[in-house]
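Here is the structure we will look at, set down as structure tokens.
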Amino acid sequence: MRVKLLSLLVTAALSSVGAQAAGVTDQMIADSAKSTNEVLTWGLGTQGQRYSPLKQINEQSIGRLVPIWSFSFGGEKQRGQESQPLVYNGKMFVTASYSRIYALDVKTGRKLWKYEHRLPDGIMPCCDVINRGAALYGNLVIFATLDAQLVALNQDTGEVVWKEKIDDYNAGYSASAAPLIAGGLLLTGVSGGEFGVVGRVEARDPMTGKMVWSRPTVEGHMGYKWDKDGNKTENGVSGTPGQTWPGDMWKTGGAATWLGGTYNAKTGLAYFGTGNPAPWNSHMRPGDNLFSCSTVAIDIKTGQIVWHYQGTPNDGWDFDGVNEFVTYDEGGKILGGKADRNGFFYVIDAKNGHLENAFPFVKKITWATGIDLKTGRPNFVPESRPGDPTAGDGKKGSTVFNAPSFLGGKNQMPMAYSPETHLFYVPSNEWGMEIWNEPVTYKKGAAYLGSGFTIKTLDDGPIGHLRAVDPKTGKIVWDTPNNAPLWGGVLTTGGNLVFWGTPEGYLQAADAKTGKVVWKFQTGSGVVAPPITWQDKGEQYVAVVSGWGGAVPLWGGDVAKKVNFLEQGGSVWVFKLMK
Ligand code: CA
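Here my numbering is used: the first residue of the sequence shown is 11, the next is one more, and so on.
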């Protein structure tokens with residue numbers, strides 16, 4: 011009896027060790043920014059720097075960079091493809107539009123398996139049926155779906171291991187960001203700020219999908235934690251209820267965490283950006299409306315907000331503050347850079363949230379004259395706030411022109427940071443909008459804007475600008491323009507290169523110090539996704555997903571008309587140097 015019990019215990023211990031040892035470990039994720047043989051996370055490391063030290067492909071050799079395979083996502087579902095692939099154990103994992111994921115042989119592009127999530131009628135993604143990528147943990151590959159679920163699949167077989175609901179898609183919740191794994195937790199956000207959802211960050215056990223904690227990003231909502239047996243207890247209210255929202259407006263306050271987060275192991279903090287307060291009509295919610303349009307830093311051990319910084323208090327322009335907060339070491343400090351949709355670039359102490367620097371990264375900003383570095387608050391231009399409908403006929407407030415447009419100085423496309431050049435490479439756009447306010451009341455599952463708008467070009471010149479930004483001086487070091495608005499992310503490498511894609515279909519590379527384009531390749535459809543790189547057996551590879559779509563063709567007004575000749579697609583391309 012005693013022996014039998016002991017052997018049972020040993021078996022249990024071994025199987026639990028086995029679950030940890032097989033596949034992707036916490037240590038591997040912690041080291042992922044430097045492990046060049048694979049791409050284990052969105053952002054090439056949890057800090058999201060999108061920097062690889064690889065330098066076989068450089069200004070001298072890049073003329074020999076050629077495609078070695080391409081894989082089509084197939085079907086009739088060729089909509090925006092914003093996904094960053096992952097590479098591990100001989101496989102590439104890549105998500106696609108309509109909540110699909112593929113495992114491919116990374117050498118040949120041969121399909122190993124595919125999972126197509128069964129989406130119900132009535133999903134409400136605001137900005138195309140996109141997905142931005144997956145996460146790897148153990149032997150699982152995990153991604154979020156448009157009906158607000160998380161699905162974990164076996165990396166080898168594509169079989170579903172667990173599936174968990176995030177929230178009710180009928181209420182406007184959806185999910186499209188790549189999950190973040192940090193400190194053994196699966197960290198995810200929610201989409202749906204245009205439907206009056208309640209933004210939050212959730213931590214789960216990545217192996218089972220079971221909840222560990224939940225932290226709302228709207229002031230007044232209760233946070234929760236769960237013990238190992240699934241017992242749920244209160245974990246403190248976010249913020250001070252009633253302080254920055256009038257009446258019950260906080261109950262449908264938005265602040266969706268739709269782009270996911272980054273993590274710095276030295277601070278132990280996860281950084282999530284939050285979207286617009288709901289509704290868009292700012293006159294209905296006087297106050298700062300915390301924690302909308304902010305960066306929130308969450309202690310992943312406790313699930314508590316340690317600090318927050320709000321870029322656009324009482325937002326009236328849909329300036330979602332979701333943009334990635336990318337941490338880096340500089341002068342003995344851990345700083346974070348963020349290129350906000352509102353047109354300003356912020357440099358913030360990643361430990362305590364202190365604002366170190368703030369400056370424009372686009373040419374035209376009309377809603378504020380600058381950021382007061384003492385108070386951290388914007389100097390608003392009152393005339394640039396769309397008018398209050400109740401001040402006039404009650405049906406429509408005064409229309410204003412504002413820049414940037416609500417599609418932002420920068421949107422979902424992630425920037426890169428090079429620890430060699432100490433520059434951020436920011437995909438930015440120059441455009442404006444006409445915007446006005448209307449009355450609106452909350453109705454579950456209905457658009458909750460209270461605004462109308464038309465995106466406008468500023469002139470006949472290029473809209474897109476890939477800019478090298480010096481976070482210390484606030485200077486634009488170089489600017490490489492692009493006719494169509496940039497909507498894909500950036501990669502920078504030890505080969506002194508910056509890679510990015512364009513809606514016109516090119517994957518291109520430039521000298522990281524000058525911005526001079528040294529290579530480009532036509533992928534056959536617009537690129538709205540970030541490139542990656544890795545090496546295998548002494549050879550460096552680059553990959554990018556191609557497939558035009560996303561928010562611009564849907565919401566771009568006059569700009570959408572300008573780019574309506576672009577063709578849709580859906581494929582992944584892989585490149586290496588010709589011998
Ligand atoms: Ca929004």
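All residues carry an ideal CB built from backbone N, CA and C; glycine is no exception.
If you're wondering where the values come from, they're calculated on a predicted model, not measured in any experiment.
- Per DSSP, L150 is one residue of the beta strand (DSSP E) stretching across L150 to A154.
- By the criterion of at least three beta-carbon pairs nearer than 8 Å, the stretch 529 to 541 is not in contact with the stretch 565 to 572.
- By the Cβ neighbour-count rule, Q253 is exposed, with fewer than 16 other Cβ atoms within 10 Å of its own.
- Per DSSP, G567 is one residue of the alpha helix (DSSP H) stretching across G567 to K572.
- Looking at the DSSP output, N447 sits in a beta bridge with S461.
- Residue range D36 to A40 is occupied by the alpha helix (DSSP H) that includes D36.
- Under the three-state reduction of DSSP output, S408 falls in the coil class, being neither helix nor strand.
- T533 and P414 have their C-alpha atoms roughly 29 Å apart.
- Residues whose Cβ lies closer than 6 Å to any heavy atom of ligand 1, listed in chain order: G203, E204, G285, N286, D328 and D330.
- Annotation: the continuous beta strand (DSSP E) that includes Q545 extends over I542 to D546.
- Here H231 is buried. Its C-beta has 16 or more other C-beta atoms within 10 Å.
- Within the same chain, K44, T46, T503 and G504 come within 8 Å of P63 by CB-CB distance, once the 5 residues on both sides are set aside.
- Between V391 and V569, the alpha-carbon positions lie close to 25 Å from each other.
- With fewer than 16 other CB atoms across the displayed protein chains lying within 10 angstroms of its CB, T243 is exposed.
- Taking all protein chains in view, the Cβ of M134 is crowded by 16 or more other Cβ atoms within 10 Å, so the residue is classified as buried.
- Counted as a single uninterrupted DSSP element, the beta strand (DSSP E) harbouring Y112 occupies residues R110 to D115.
- The beta carbon of T262 sits closer than 8 Å to those of G206, V207, V208, A288, Y452 and Y458, all from its chain and outside the five residues before and after it, given in chain order.
- According to the DSSP secondary-structure assignment, R214 is paired through a beta bridge with L196 and M221.
- Taking a C-beta distance under 9 Å as the contact criterion, I310 and A192 qualify as a contact pair.
- Around N492, the same chain offers P472, G474 and T512 as residues with beta carbons nearer than 6 Å, after the five sequence neighbours per side are excluded.
- The criterion of a C-beta distance shorter than 9 Å is not satisfied by Q57 and N324.
- If you draw a straight line from the Cα of V200 to the Cα of G249, it comes to about 19 Å.
- Relative to the Cα of A280, the nearest Cα in the group A426, K348, L190 and G100 belongs to L190.
- For F335, same chain residues with a beta-carbon under 7 Å away, outside a window of 5 residues either side, are T272, Y281, G283, T305, G346 and K348 in chain order.
- When rounded, the separation of the alpha-carbon atoms in D489 and M217 is 44 Å.
- Counting the other CB atoms within 10 Å of its CB gives T155 a total of 16 or more, which places it among the buried residues.
- Exclusion of the five residues before and after S535 leaves G515, S556, G557, W558, E577, Q578 and G579 as the residues of its chain whose Cβ lies within less than 7 Å of its Cβ.
- Listed in chain order, the beta strand (DSSP E) elements of length 3 or more contained wholly in the stretch 263 to 301 are 271 to 274 and 279 to 283.
- The continuous stretches of beta strand (DSSP E) do not include H364, and DSSP gives it neither H nor E.
- Taking a cut-off of 8 Å for Cβ pairs, the stretch 357 to 368 and the stretch 291 to 301 do not touch, as fewer than three such pairs fall below it.
- In terms of Cα proximity to T277, the closest of D339, S93 and S302 is D339.
- Straight across, the Cα-Cα distance linking W79 with Y112 is about 15 Å.
- Under the three-state reduction of DSSP output, N180 falls in the helix class.
- The alpha-carbon of D138 is positioned some 5 Å away from that of G560.
- Looking at the DSSP output, M232 bridges to V247.
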